[in-house]
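Scroll down for the structure; my scribbles are underneath it.
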Amino acid sequence: MPLCLFAISAIYSIIFISIKNIYYYNSRSYILLTTVEFKTTN
Numbered sequence: 001m002p003l004c005l006f007a008i009s010a011i012y013s014i015i016f017i018s019i020k021n022i023y024y025y026n027s028r029s030y031i032l033l034t035t036v037e038f039k040t041t042n
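With our numbering, you'll find the sequence shown wraps up at 42, consecutive numbering, no jumps.
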């Protein structure tokens, strides 16, 4: 039983880290895109 709980918690932590990384990279690319658009308009 504890082994099953440990596996579930490990899977959840991996999913959480991957989602956090995806949001981080998306926000960074969004910021880069907006700065590029701002520079091209000016």
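We put the beta carbon where it would ideally sit given N, CA and C, even for glycine. These numbers were taken from a predicted model, which means no experiment stands behind them.
Alpha-carbon spacing of residue i relative to residue j, whole angstroms
{"i": "Leu32", "j": "Leu3", "result": "43 Å"}
{"i": "Ala7", "j": "Lys20", "result": "20 Å"}
{"i": "Arg28", "j": "Thr35", "result": "11 Å"}
{"i": "Tyr23", "j": "Tyr12", "result": "16 Å"}
{"i": "Ile14", "j": "Leu5", "result": "14 Å"}
{"i": "Ser9", "j": "Tyr25", "result": "24 Å"}
{"i": "Thr41", "j": "Ile17", "result": "36 Å"}
{"i": "Lys39", "j": "Tyr30", "result": "14 Å"}
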